[in-house]
Amino acid sequence: MFRFCRGIKNTVVRRVVTALCGLTISPLILYRVICFTIPYVEFVLTPRCNLRCEGCANLMGYYDGSEGIDEDNNLKLAKKALDNLLKISRRITTVAFTGGEPFLFDRLHEAVAYASASKRVSRITIHTNGTVVPTDENLKCLNNKKVTVEISEFPGFDTRKAVDVLRKSGIRYKKTRQKKWIDYGGIQNRGLSKSDLRRSFAECRSAECKTIFMGSLFTCPRSAHSYMLRLFDEDRAVYVNLATTPENMLKQRIKELFSTPYVEACKFCNPVWTRGDIGCTQDKKPEKQTHLLKFNNKE
Ligand code: SF4
Numbered sequence: 291m292f293r294f295c296r297g298i299k300n301t302v303v304r305r306v307v308t309a310l311c312g313l314t315i316s317p318l319i320l321y322r323v324i325c326f327t328i329p330y331v332e333f334v335l336t337p338r339c340n341l342r343c344e345g346c347a348n349l350m351g352y353y354d355g356s357e358g359i360d361e362d363n364n365l366k367l368a369k370k371a372l373d374n375l376l377k378i379s380r381r382i383t384t385v386a387f388t389g390g391e392p393f394l395f396d397r398l399h400e401a402v403a404y405a406s407a408s409k410r411v412s413r414i415t416i417h418t419n420g421t422v423v424p425t426d427e428n429l430k431c432l433n434n435k436k437v438t439v440e441i442s443e444f445p446g447f448d449t450r451k452a453v454d455v456l457r458k459s460g461i462r463y464k465k466t467r468q469k470k471w472i473d474y475g476g477i478q479n480r481g482l483s484k485s486d487l488r489r490s491f492a493e494c495r496s497a498e499c500k501t502i503f504m505g506s507l508f509t510c511p512r513s514a515h516s517y518m519l520r521l522f523d524e525d526r527a528v529y530v531n532l533a534t535t536p537e538n539m540l541k542q543r544i545k546e547l548f549s550t551p552y553v554e555a556c557k558f559c560n561p562v563w564t565r566g567d568i569g570c571t572q573d574k575k576p577e578k579q580t581h582l583l584k585f586n587n588k589e
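Under our numbering, the residues of the sequence shown are numbered 291 to 589, in order.
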């Protein structure tokens, strides 16, 4: 019963008012269920990173420029992907922009302006390592009540310069002191059984970070980057191309993606119960293990 109806002393009046309220509100509830809200989605704007930490969960150190990522085209596809997501959802609670390091991307401000122009995007977050001071235009776009800059602080990172600039410019920011550096491991196939893959995926918090890269939606950042780094064949990849999937099939394809028991990338990732804390080690670029890229497709 609605709280305010409880105060009505006359039973008949109370029942009538309750029924009328129910009739009015039910379609609204139905509308909310049908037109679903996307709680969080992150857009990778660039795979470039100034730190290239060893053990990066998102495999940034494995990019060497030979992957043919066109960042301008990625931005164009990101805008289209956002438009198409908004066609099938009522609201996106948080749109995040990540990299690599997003402040290395000169056109970050265009992405922020595009997302913030939509009334149905509630919040925008920029995930940064806090070691790159934003350039003028990228700084200006952050002065927006929807935007928060989230700085991941790891021991040894000098974030003072960037923090100072954000503070002086009146930009909202949040520093998160990361105590652990979780070991997701390298790019070899772990040979996990299907039940272990299911379990790892179900327990993996990264699977909540739905990620868009080159116009396609992936279950997590690592899945997106495993695909871009060609750790496995195209036909094994699980993603939804938001730019090309017809609108009438999009919702169904996204629901299928959200209900998948695991993705191919999980085979190339440490299972949750084995991930220890390896501490952050910067400036150590992992070798691109070309021989593994070729053979990872074999079971
Ligand atoms: S690939 Fe699978 S196990 Fe690895 S981070 Fe993504 S969801 Fe988790």
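Yeah, the Cβ is synthetic: ideal placement off N, Cα and C, and Gly gets one too.
> Should Val-303 be labelled buried (16 or more other beta-carbon atoms within 10 Å of its own) or exposed?
Replying inline: Val-303 comes out exposed.
>> Going by DSSP in three states, Phe-522 sits in which element: helix, strand or coil?
In response: coil
> Counting pairs of beta carbons, one from the segment 385-392 and one from the segment 415-422, are three or more of them closer than 8 Å?
Replying inline: yes
> First and last residue of the alpha helix (DSSP H) that includes Lys-464?
Replying inline: Run containing Lys-464: none in the alpha helix (DSSP H); it sits in the beta strand (DSSP E), 463-467.
> Which residue comes first and which comes last in the beta strand (DSSP E) that contains Tyr-330?
Replying inline: First-last of the beta strand (DSSP E) with Tyr-330: 327-334.
> Quick one: is the Cβ of Arg-512 within less than 6 Å of any heavy atom of the ligand SF4?
Replying inline: yes
> Under a three-way DSSP split, which group does Ile-298 fall into?
Replying inline: coil
>> Let me confirm a value: Trp-563 is counted as buried when at least 16 other C-beta atoms fall within 10 Å, else exposed. Which label applies?
In response: exposed
> Are any of the Cβ atoms in chain C nearer than 7 Å to that of Ser-406?
Replying inline: Among the chains in the structure shown there is no chain C, since it carries only a single protein chain.
> Beta carbon of Ala-497: closer than 6 Å to some heavy atom of the ligand SF4?
Replying inline: At least one heavy atom of the ligand SF4 lies closer than 6 Å to the C-beta of Ala-497.
>> What does the alpha-carbon distance come out to for the pair Cys-499 and Gly-312?
In response: 36 Å
> Taking Arg-397 as the reference, which of Arg-467, Asp-362, Val-331 and Arg-526 has the closest Cα?
Replying inline: Comparing C-alpha distances from Arg-397 to each of Arg-467, Asp-362, Val-331 and Arg-526 shows the shortest one belongs to Asp-362.
> Going by DSSP, which residues form a beta bridge with Asn-531?
Replying inline: Ser-506
> CB of Ser-490 to nearest heavy atom of the ligand SF4: below 6 Å?
Replying inline: yes
>> Taking 7 Å as the threshold (C-beta atoms), are Arg-467 and Glu-443 in contact?
In response: yes
>> On the DSSP bridge list, what partners appear for Arg-381?
In response: Under the DSSP definition of a beta bridge, Arg-381 partners with Thr-327.
>> For Arg-520, tell me which candidate among Arg-381, Arg-489, Phe-558 and Glu-537 has the shortest Cα-Cα distance.
In response: Phe-558
> Whole-angstrom Cβ separation of Ile-472 and Arg-565, contact assumed at under 8 Å?
Replying inline: About 5 Å separates the two Cβ atoms, so the contact holds.
> Hey, Glu-524 and Asn-374 are a contact pair by Cβ (cut 8 Å); roughly how many whole angstroms apart?
Replying inline: So it is not a contact: roughly 21 Å between Cβ atoms.
>> I believe Val-402 touches Ala-514 by the beta-carbon criterion, under 8 Å. Please report the beta-carbon distance rounded to the nearest angstrom.
In response: Not confirmed; about 20 Å, so no contact.
> Should the segment 428-436 be regarded as contacting the segment 340-359, the criterion being three or more beta carbon pairs within less than 8 Å?
Replying inline: no
> When we look at the beta-carbon of Pro-424 and count the other beta-carbons within 10 Å, is it buried (16 or more) or exposed?
Replying inline: buried
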